[in-house]
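Taking it in order: structure first as structure tokens, then the write-up.
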């Protein structure tokens, strides 16, 4: 069987049989890969830790009929700080779930891989973790070509936030693909209009501006109010649902913990 090496992040894991794991891996050079790690659930297995969710690992894989076969592993980054905080871990699983839903098998996308890797590093350092999630959401949309236009009103093209007062209400429209100025925002009677106040809109604009290649990203991120975080969470959740046309199971897990993403 031909073998090859690749560095990948474990984005999904399924226990199989008595001792095996079926893994979904996301690699920079090979895209999404399905593989079986035989014996990885044994306590004495050298592959136990390297095949855990959200671990970045160098894999040696043998080509199989339906699944690649893991033959050797070496941990590159275990993201230990994520595993010590249930809120950060839950958000990391949300990142992995999102990636799993927007990529195809064996279709590499280095930009998305770099975003996931950067997102996990940032998630370890940013407080609150929800802020890292909002950054990840909007950068993912940008990389997929679905970025909302936050600079101009989707209805009248007015510059935003422009001259509007800080107490006026904006909105984000999934169907129109962007933000809406206070003159045309009607979140109370239009289900497609997700309410954003002045801070919520400018928070999204800031998060959209800082890409994963920004070396000082964590120091430059703002400290938003709870209201702005809540508004941007609801707005981007609705926007993502409209664009990827799927519900994410990881959101149910987050909601069940009382945390949000």
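Residue numbers (the working numbering): 1 to 261. Glycine is no exception: its CB is placed at the ideal position from the N, C-alpha and C atoms.
Pull up the CB-CB distance for residue i and residue j, whole angstroms please, since I reckon it's below 8 angstroms.
i	j	result
residue 182	residue 168	4 angstroms
residue 58	residue 5	6 angstroms
residue 131	residue 212	Wrong, their Cβ atoms sit about 15 angstroms apart, outside the cutoff.
residue 35	residue 61	6 angstroms
residue 235	residue 144	Between residue 144 and residue 235 the Cβ distance is about 17 angstroms, and since that is not below 8 angstroms, they are no contact.
residue 92	residue 117	No, residue 92 and residue 117 are not in contact; Cβ-Cβ is about 11 angstroms, not under 8 angstroms.
residue 101	residue 244	6 angstroms
residue 112	residue 126	Actually they do not touch by this definition, with Cβ atoms about 20 angstroms apart.
residue 195	residue 231	6 angstroms
Taking buried to mean at least 16 other C-beta atoms within 10 Å of its own C-beta, is residue i buried or exposed?
i	result
residue 138	buried
residue 64	exposed
residue 46	exposed
residue 193	buried
residue 105	exposed
residue 56	buried
residue 50	buried
residue 99	buried
residue 165	exposed
residue 228	buried
residue 84	exposed
residue 32	buried
residue 37	buried
residue 209	exposed
residue 14	exposed
residue 257	exposed
Closest to residue i by C-alpha separation, out of the options, would be which residue?
i	options	result
residue 78	179, 238, 132, 52	52
residue 255	237, 220, 242, 244	237
residue 226	245, 197, 240, 242	197
residue 180	194, 190, 153, 191	153
residue 217	15, 115, 24, 96	115
residue 72	18, 108, 170, 39	39
residue 2	37, 21, 68	68
residue 26	108, 206, 178	108
residue 174	121, 239, 150	239
residue 156	110, 208, 178, 8	178
residue 81	124, 135, 32, 66	124
residue 207	20, 135, 24	135
residue 28	44, 9, 76	9
residue 141	126, 18, 241	241
residue 122	13, 221, 22	221
residue 128	48, 86, 210, 176	86
residue 20	32, 31, 33, 42	42
residue 97	84, 74, 133, 70	133
residue 95	230, 126, 54	54
residue 70	24, 253, 126, 210	24
Kindly indicate the opening and closing residues of the beta strand (DSSP E) around residue i.
i	result
residue 74	68 to 77
residue 59	56 to 62
residue 50	Per DSSP, residue 50 belongs to no beta strand (DSSP E) and is neither H nor E.
residue 6	3 to 16
residue 170	170 to 173
residue 195	193 to 196
residue 178	178 to 180
residue 107	No beta strand (DSSP E) contains residue 107, which DSSP labels as neither H nor E.
Say whether chain D places a C-beta atom closer than 8 angstroms to the C-beta of residue i.
i	result
residue 159	Here chain D cannot be found, since the structure has a single protein chain.
In the DSSP assignment, find the alpha helix (DSSP H) that holds residue i and state where it starts and stops.
i	result
residue 82	80 to 83
residue 251	249 to 257
residue 232	226 to 244
message: For the region 179 to 193 against the region 248 to 255, do three or more pairs of beta-carbon atoms, one drawn from each stretch, fall closer than 8 angstroms, so that the two count as touching?
response: no
task: Evaluate contact between the region 190 to 206 and the region 157 to 175, counting only Cβ atoms and requiring at least three cross-stretch pairs below 8 angstroms.
output: yes
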